[in-house]
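Here the structure comes first, spelled out in structure tokens, and everything after it is commentary.
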């Protein structure tokens, strides 16, 4: 069976899944060069099909998903369109359709265009954010942007509507229910280049759950999804699920608002309007959690009676009041040029502690609720934007009730096209898993299409005499790259297909020697980043336990923090002695060979790894983008698909 997955929200993407295996994946931002790009263009969909070698007429099903309240917008509606029929061509159970045959007409939503074209809404924080994600609107009249409504509201239960606190959730048996399993999709028909294919619109968090559970390869696991930006009401901010065999069962909303609070604090500290969470996570290590208060611990139901305003506003007021009471200098508050000043760093550290403690309580509540239903599973899968928080993931893995914790690399919205397609294939259409296991597997994150030699050669020729090129494709570039690292050169490494997810994992990376502490500020200058932001180590998997502790191993996706055991790698050791590590084995290809060669020469099985991109840009995808970045920065060497490139 061949399923096309389409995600129309921010971090839009298209994927092709054949018999439960991902055979192509295209993240739109990598090609449009608009970070977190929203809406789909037909080129992205056609590219995903071309890489998979699939024609529209060969598709068996389509899975459609989006970000909450983001309608389905496409650049060429004549070539790609989505409609909601009132019948299911596959004849599968569909709880919402059975309950409400006109659900699509009654429940359709979408606010992106309102925020872009209404002058008052466009001036708001959300309006400015949407404008960055969909800049095409500036050249289009509102009437020229047709949109198909999105469906956010599916089935519910009286217990869910009651919005219970975490303690109540922990005491409530949560058991699988077939009505709920089939309650979070609606039939769709997608017409692409004149071919109409049946499929399903899949709820946002079911797609998150599908992306992590089916990637894990586990035969059974609990699942917790929770978005960044989420405010905590109903199941729109996230859900508890149980994955059992090929089925995904929604168990309950958890009503967490951590994602929204975390991003609000990051924005208040001057760390940016779009995507401040990653910076806040790094800043937290510079401070102490002196403002932490357990009064803010809980979900939306726990907190709504305690605070008359929204929790994020109450938390920020609390932190400022405490800082003033303790005699802090509040002048640097929110000044990005003074991000590491005590008031900012301690607010960041306090927010990180609140995030970790609340998320841990939510995990414990899920474990207890499964136990109350007589269900036991040793595995937990985490997805949604909050699963990018490495210190929290490590806390859950080290101190939580589940012995196994799995997070997939594209746990943000960039992964839900894959998750929706897998949920349709396995849970909705009831296709079996491929060799389920009691231990998590770690599928390759390198889902992008690798450029062929002709594409590389054309890009190099276009640069002309501005570069010198050594062709190392026959002998392999690893030895020379390791020599460059030992000589303390900072190199760009471009090899094979690009990574899925927001973290560079060695196919579109900047690499440096971790032994030289000066490479920390040096690489930040090259990337035009704040000087205080840390870098990650990539370590040979077989040596990881000798250099790092207090994390689950292997950790191939850079999603867990570890304590650094040795003082030899200061450029990748954060100020609190931790690091966000990536373990690397032979499946990473030439990247593994470089680290191995560096280890042979230095005795250190670790290199510094950061993403190959400029400020505010997506990770590079194509050879010409890598060359452009190399020529306009102070990178010393570019390794481009086996070519060693320096400036002329």
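Residue numbers (full-length UniProt numbering): 1 to 648.
Glycine residues also receive a C-beta, built at the ideal position from the N, C-alpha and C atoms.
Checklist line | Beta-carbon proximity list for residue 554, same chain, < 6 angstroms, skipping 5 on both sides | finding: Excluding residues within five positions, the ones whose Cβ falls inside 6 angstroms are 541 and 583.
Check: From residue 435 to residue 225, what does the alpha carbon distance come to, in whole angstroms?
Finding: Answer to the nearest angstrom: the Cα atoms are 24 angstroms apart.
Check: residue 331: buried (16+ other C-beta within 10 angstroms of its C-beta) or exposed?
Finding: Residue environment: residue 331 is assigned as exposed (fewer than 16 neighbouring CB atoms within 10 Å of its CB, all protein chains considered).
Note to self: So, at 6 angstroms on beta carbons, what are the nonlocal neighbours of residue 651 in its own chain, with the 5 sequence-adjacent residues on each side left out?
What the structure shows: The structure shown does not extend to residue 651, since the chain is modelled only from 1 to 648, so the question has no answer here.
Checklist line | Rounded Cβ spacing between residue 14 and residue 45 (contact assumed at less than 8 angstroms) | finding: Residue 14 to residue 45, Cβ: 5 angstroms. Contact.
Check: Taking the C-alpha atoms as reference points, what is the distance between residue 494 and residue 174?
Finding: If I take the Cα positions, the gap works out to 46 angstroms.
Notebook entry, point to check: With C-beta atoms as the reference, is residue 154 less than 7 angstroms away from residue 96?
Noted result: Taking 7 angstroms as the Cβ cut-off, residue 154 and residue 96 qualify as a contacting pair.
Notebook entry, point to check: Can you name the start and end residues of the beta strand (DSSP E) that residue 656 belongs to?
Noted result: Any question about residue 656 goes unanswered here, given that the chain covers just 1 to 648.
Next item on the list: Please classify residue 526: does DSSP put it in a helix, a strand, or coil?
Entry: Three-state result, residue 526: helix.
Notebook entry, point to check: Since residue 600 is in the alpha helix (DSSP H), which residue starts that stretch and which ends it?
Noted result: 590-602 is the span of the alpha helix (DSSP H), which, as asked, contains residue 600.
Check: Once you ignore the five residues that flank residue 438 on each side, which residues in its own chain have a CB closer than 7 angstroms to its CB?
Finding: Same-chain partners within the cutoff: 219.
Item checked: The alpha helix (DSSP H) enclosing residue 319, as first and last residue numbers -> Per DSSP, residue 319 is one residue of the alpha helix (DSSP H) stretching across 311-325.
Next item on the list: Indicate the three-state DSSP secondary structure (helix, strand or coil) for residue 642 in the structure shown.
Entry: Note: residue 642 maps to coil in three-state DSSP.
Next item on the list: Report yes if the CB atom of residue 606 is closer than 7 angstroms to the CB atom of residue 478, and no otherwise.
Entry: It is not a contact, given that the beta carbons lie outside the stated cut-off.
Note to self: I'd like the span of the beta strand (DSSP E) that includes residue 18, first residue to last.
What the structure shows: The continuous beta strand (DSSP E) containing residue 18 extends over residues 13-18.
Note to self: Using 8 angstroms for Cβ pairs, my map puts residue 397 next to residue 552. What's the rounded Cβ distance?
What the structure shows: Right, their Cβ atoms sit about 5 angstroms apart.
Next item on the list: Can you grab the Cα-Cα spacing for the pair residue 201 / residue 90, in whole Å?
Entry: Rounded to the nearest angstrom, the two C-alpha atoms are 14 angstroms apart.
Checklist line | For residue 609: DSSP bridge partner residues | finding: Per DSSP, 511 and 536.
Item checked: Distance, residue 527 Cα to residue 53 Cα -> Between residue 53 and residue 527, the C-alpha separation is close to 37 angstroms.
Margin query: Given this structure, state the Cα-to-Cα distance separating residue 581 from residue 101, to the nearest angstrom.
Written below: Going from the Cα of residue 581 to the Cα of residue 101 covers about 49 angstroms.
Checklist line | N-terminal and C-terminal residue of the alpha helix (DSSP H) that residue 113 is part of | finding: Its alpha helix (DSSP H) spans residues 112-117.
Item checked: Anticipated Cβ contact below 8 angstroms, residue 382 with residue 405, distance rounded -> Contact flag correct, Cβ pair sits at about 7 angstroms.
Check: Got a sec? Which residues, its chain only, sit under 8 angstroms from residue 390 by beta carbon, not counting five neighbours each side?
Finding: Once the five neighbours on either side are set aside, the close Cβ partners of residue 390 are 281, 558, 559, 560, 561 and 580.
Check: Identify the residues that DSSP records as bridge partners of residue 548: which are they?
Finding: The partner list for residue 548 (beta bridge, DSSP) reads 564.
Next item on the list: Please look up how many angstroms separate the CB atoms of residue 340 and residue 286, rounded, as I've assumed it's under 8 angstroms.
Entry: Between residue 340 and residue 286 a beta carbon distance of about 5 angstroms is seen, short of the 8 angstroms cut, so the two are scored as contacting.
Next item on the list: Can you tell me which of the three DSSP states residue 494 falls into?
Entry: Three-state result, residue 494: strand.
Next item on the list: Rounded to whole angstroms, what's the CA-CA distance from residue 319 to residue 455? Just pull it up for me.
Entry: Those two C-alpha atoms are separated by around 53 angstroms.
Check: Tell me the DSSP bridge mates of residue 647?
Finding: By DSSP's assignment, residue 647 forms a beta bridge with 467.
Checklist line | residue 581: first and last residue of the uninterrupted beta strand (DSSP E) it sits in | finding: From DSSP, the beta strand (DSSP E) with residue 581 extends over 578-584.
Check: How many Å lie between residue 26 and residue 9 at the Cα?
Finding: Going by the C-alpha atoms only, they are around 14 angstroms apart.
Item checked: Through-space distance from residue 59 to residue 109, alpha-carbon basis -> Approximately 28 angstroms between the Cα atoms of the pair.
Next item on the list: Report the rounded CA-to-CA distance for residue 356 versus residue 271, giving the unit in angstroms.
Entry: Cα to Cα, residue 356 sits roughly 20 angstroms from residue 271.
Next item on the list: Flag this pair as yes or no: are the beta carbons of residue 61 and residue 24 separated by less than 7 angstroms?
Entry: At a Cβ-Cβ threshold of 7 angstroms, residue 61 and residue 24 do not count as neighbours.
Margin query: Please report the straight-line C-alpha distance between residue 349 and residue 612, rounded to a whole angstrom.
Written below: Rounded to whole angstroms, residue 349 and residue 612 show a C-alpha spacing of 28 angstroms.
Check: Apart from the five residues just before and just after residue 345, which ones in its own chain have a Cβ nearer than 7 angstroms to its Cβ?
Finding: Same-chain partners within the cutoff: 283, 286 and 287.
Margin query: What ranges does the alpha helix (DSSP H) occupy inside the stretch 156-196, keeping only unbroken runs of at least 4 residues that lie completely in it?
Written below: Fully enclosed alpha helix (DSSP H) runs of 4 or longer: 158-161, 166-170 and 178-181.
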